[in-house]
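J.:
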Amino acid sequence: MKKKIVIIGGGIGGLSAGIYALKAGYEAEIYEKNHIAGGECIGWNRKDCHIDNCIHWLTGTNKNTSLWQIWNTIGAIDENTRYADTVKFYTCRHGGKEATLWKDLNRTEKELIEAAPEDEAEIRKFIQHVRYAEACVMPVEKPMDMMKIGDYIKMGKSMANMPKVMKEYGKIDLNQLAERFRSPLMKALLRDYMPAEYTAYSLVVSYATMTSGNGEVPLGGSLAMTNRIIERFRNMGGKLFTNAPVRNIIVENSTAKGIELESGEKVYADEIISAVDTSLLFGRFLDKKYTPKDWAAAYERSADYPVITGFQTAFVTDAEFSGQDTVFFDCEPVRIGSRSFDMMSVKNYSYDKCFAPEGKTVLQTNIAQSDVDYLYWKSLSKEEYKAKKQELAAEMSARLVTEFPELEGRLELLDCWTPVTYERYCGAYHGGYMAFVTKPGVNKIDCKGTVKGLKNLYIAGQWIMSPGGLPVAAASGKFAVQRILKKEKRSVDI
Ligand SMILES: Cc1cc2nc3c(=O)[nH]c(=O)nc-3n(C[C@H](O)[C@H](O)[C@H](O)COP(=O)(O)OP(=O)(O)OC[C@H]3O[C@@H](n4cnc5c(N)ncnc54)[C@H](O)[C@@H]3O)c2cc1C
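For the sequence shown, this note's numbering assigns the number 115 to the initial residue and increments by one for each residue that follows.
1. With TRP409 as the anchor, note down where its alpha helix (DSSP H) starts and where it stops.
2. Tell me which same chain residues have a C-beta within less than 7 Å of the C-beta of HIS208, skipping the five on either side of it?
3. Using CA atoms only, rank isn't needed, just tell me which of LYS147, CYS155 and GLY284 is closest to LYS558.
4. Classify GLU472 as helix, strand or coil using the three-state DSSP reduction.
5. Could you compute how far the alpha carbon of ARG398 sits from the alpha carbon of ILE387?
6. Could you check whether the region 322–333 touches the region 245–254, counting it as contact only if at least three pairs of C-beta atoms, one from each stretch, sit closer than 8 Å?
7. For the beta strand (DSSP E) containing SER459, list its first residue and its last residue.
8. Is it buried or exposed, THR222, if we count other Cβ atoms within 10 angstroms and call 16 or more buried?
9. Output the boundary residues of the alpha helix (DSSP H) element that contains VAL318.
10. Which residue from PRO585, LYS461, LEU571 and GLU141 puts its Cα closest to that of LYS353?
11. Among LYS603, GLU602, ALA594 and SER605, which residue has its Cα nearest to the Cα of ALA135?
12. Which two residues bound the contiguous alpha helix (DSSP H) that contains ASP444?
13. Relative to ligand 1, is the shortest distance from any of its heavy atoms to the C-beta of MET548 smaller than 8 Å?
14. Does any heavy atom of ligand 1 sit closer than 8 Å to the C-beta of GLY125?
15. Could you tell me the boundaries of the beta strand (DSSP E) in which GLU374 lies?
16. Cα-Cα, which of LEU226, MET258, ALA417 and LEU477 is closest to GLY555?
17. Inspect the CB distances between the region 474–486 and the region 453–462 and report whether three or more fall short of 8 Å.
18. So, for TRP409: in the same chain, excluding its five sequence neighbours on each side, which residues have a beta-carbon less than 7 Å away from its beta-carbon?
19. How many whole angstroms separate the CB atoms of GLY541 and VAL534, which I take to be in contact at a CB cut-off of 8 Å?
20. CB PRO420 to CB GLU311, shorter than 9 Å?
21. How would you write the range of the beta strand (DSSP E) that PHE240 sits in, first residue to last?
22. How many angstroms separate the CA atom of ALA358 from the CA atom of ILE578?
23. According to DSSP, simplified to helix, strand and coil, what is ASP529?
24. Could you tell me if the beta carbon of GLU154 falls within a distance shorter than 8 Å of some heavy atom in ligand 1?
25. Along the beta strand (DSSP E) that carries LYS118, what are the first and last residues, could you check?
26. So, using beta-carbon positions, are ILE373 and ALA151 closer together than 9 Å?
27. Can you confirm whether the region 275–290 touches the region 253–260 when touching is taken to mean that 3 or more C-beta pairs between the two stretches lie within less than 8 Å?
28. What is the DSSP secondary structure of ASN275, reduced to helix, strand or coil?
Shown next, in the form of structure tokens:
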């Protein structure tokens, strides 16, 4: 009889675990609390429009990478996938000027030097290191702790230039990177896209993913990609139970035996993979004694382990909108709780015709939020929360019109959502939609994908490795199954 694996959570991590479990010859059942699977990788419809709320770039779209193999195995993309015709990473408007990180690095270098000749040396250095980072790809054949000497040699070759990037940008954050430049425009360009506490190499690597063609945006959007993965799982014989929230993990004699649903139903299995946010795993599903010390410390020290989340709005417009892709711009300060924000972003979704009726375009704004902002949203009563969202949506609309006058009278609000939305919908810790922010000098959490003192339980999901995101989620599902195979002394090459 086939061994049965039960997976908690039907996000990309859980779905990937399910597909790899089936591929390895196990039975797989996924239990997902929401009415649809996908977790954070989804979109939803409002007023004839689709709000795509995940993929800004999908690392692993280069066919020659092992990450592409994972995406292909789980049915996310294949040789025929069509991608958006993205030409830039983002644009920053600051002090009446603008600068862009183009997909074409030569163009970026030329234009940045023209805009900020006083920073030519630093600009050239930055571009050179983006080129170094282009060749570096995420090693996802197997978990690091299973790698053998041959795997390390192979990884060393593919990451040959990474030490140069780490040496130059691995020990400073984006604030410090910005300080190396004299031009206020360059400072804003490099500081404002990600949380400024992020290590500078994160920006370099993210941009390199795009310039190297390994970070495209599949047409059809995040939900369509998730649906392809679900279809693959079901076609392979997997069972996906939606509207099936899990209450806890059944543990007997230090062994995970199954799960108990909120309905009271118990489901037993040979192996359990938890693919929910780790704050739920350690904070709710298991006795506190199983929480690893470094995780417990991270949850207590938000200043060292901040999350990244957002206050977002979506509008539809019938105006000829002049902002391309993503634009960051200075704005009249917006107050959210104890903090004031004088910069916001707008993303233009016109690159995909299926997101809005002809002649219309969906625009999304984002104000970056973190733990303290989450706590503010959480402190509001239901009425206050609703009112604050509406008030801020109006403020976003007004600021968009100030920056892009063509939008005057031509913006219709579709929806707005907050860090608390991510917590409610996915159980996301403090609303975080990536893993903990990678800060220089702060130890990364080292997750081995298992829980000390507990047998038959494995961890998948983006939180197992910084910086999180879709690639980590997808790889973590495969890794969890490889750990089971290793325990059974079977080949981990799946
Ligand atoms: C606005 C936004 C933009 C993003 N942009 C990008 C991007 O451009 N590139 C990129 O790589 N990543 C991006 N991400 C991040 C990416 O979406 C996530 O890293 C990834 O989807 C996380 O997958 P996961 O499976 O680890 O977790 P989740 O998606 O959170 O999945 C966990 C699942 O567990 C379920 N669950 C929770 N509690 C229970 C319970 N009690 N019982 C059963 N099920 C439960 C949840 O409903 C959810 O479906 C973005 C995210 C957001 C929100």
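Glycine included, each C-beta is placed from N, C-alpha and C at the ideal position.
T.: Judging by the given coordinates:
1. Walking along the sequence shown from the start, residue 409 turns up at place 295. Residues 407–414.
2. As a working mapping, residue 208 is identified with position 94 in the sequence shown. Same-chain partners within the cutoff: PRO298, LEU299, ALA302 and ASP444.
3. Start at 1 with the first residue of the sequence shown, and residue 558 comes out as number 444. Cα-wise, what sits closest to LYS558 is GLY284.
4. Counting from 1 along the sequence shown, the entry for residue 472 is found at position 358. Residue state, collapsed to three classes: coil.
5. Translated into positions along the sequence shown, residue 398 becomes position 284. Translated into positions along the sequence shown, residue 387 becomes position 273. Between ARG398 and ILE387, the C-alpha separation is close to 15 Å.
6. yes
7. Mapped onto the sequence shown, residue 459 falls at position 345. Note, SER459: beta strand (DSSP E), 453–462.
8. Taking the first residue of the sequence shown as 1, we reach residue 222 at position 108. Label assigned to THR222: buried.
9. Here residue 318 refers to the residue found at position 204 of the sequence shown. Residues 314–325.
10. Counting from one through the sequence shown, the residue named residue 353 turns up at place 239. Among PRO585, LYS461, LEU571 and GLU141, the Cα nearest to that of LYS353 is on GLU141.
11. Counting from 1 along the sequence shown, the entry for residue 135 is found at position 21. That would be ALA594, whose Cα lies nearest to the Cα of ALA135.
12. Here residue 444 corresponds to residue number 330 of the sequence shown, with the count starting at 1. It is not in any alpha helix (DSSP H) - ASP444 instead sits in the beta strand (DSSP E) that spans 440–450.
13. Mapped onto the sequence shown, residue 548 falls at position 434. Within the cutoff, so yes.
14. Position 11 of the sequence shown, counted from the start, is the residue given in the question as residue 125. Correct: GLY125 has its Cβ closer than 8 Å to ligand 1.
15. The sequence position of residue 374 within the sequence shown is 260, counting from 1. From DSSP, the beta strand (DSSP E) with GLU374 extends over 369–375.
16. As a working mapping, residue 555 is identified with position 441 in the sequence shown. Checking every option, the nearest Cα to that of GLY555 belongs to ALA417.
17. yes
18. Indexing the sequence shown from 1 puts residue 409 at position 295. Excluding positions up to five away in sequence, the list reads THR392, PHE396 and ILE559.
19. Position 427 of the sequence shown, counted from the start, is the residue given in the question as residue 541. Position 420 of the sequence shown, counted from the start, is the residue given in the question as residue 534. Not really, about 12 Å apart at Cβ, beyond 8 Å.
20. Mapped onto the sequence shown, residue 420 falls at position 306. Mapped onto the sequence shown, residue 311 falls at position 197. For PRO420 and GLU311, yes; Cβs fall inside 9 Å.
21. As a first step, residue 240 must be located in the sequence shown, where it is residue number 126. From DSSP, PHE240 is part of no beta strand (DSSP E) but of the alpha helix (DSSP H) over 234–248.
22. Against the sequence shown, residue 358 aligns to sequence position 244. Against the sequence shown, residue 578 aligns to sequence position 464. In a straight line, the C-alpha of ALA358 is about 24 Å away from that of ILE578.
23. As a working mapping, residue 529 is identified with position 415 in the sequence shown. If DSSP states are grouped into helix, strand and coil, ASP529 belongs with the strands.
24. If you number the sequence shown from 1, residue 154 lands on position 40. It does: the Cβ of GLU154 is within 8 Å (strictly closer) of some heavy atom of ligand 1.
25. Looking up residue 118 in the sequence shown gives position 4. Segment 118–122, the beta strand (DSSP E) holding LYS118.
26. Here residue 373 refers to the residue found at position 259 when the sequence shown is read from its first residue. Here residue 151 refers to the residue found at position 37 when the sequence shown is read from its first residue. Going by C-beta atoms, ILE373 is not nearer than 9 Å to ALA151.
27. no
28. Taking the first residue of the sequence shown as position 1, residue 275 is located at position 161. Note: ASN275 maps to coil in three-state DSSP.
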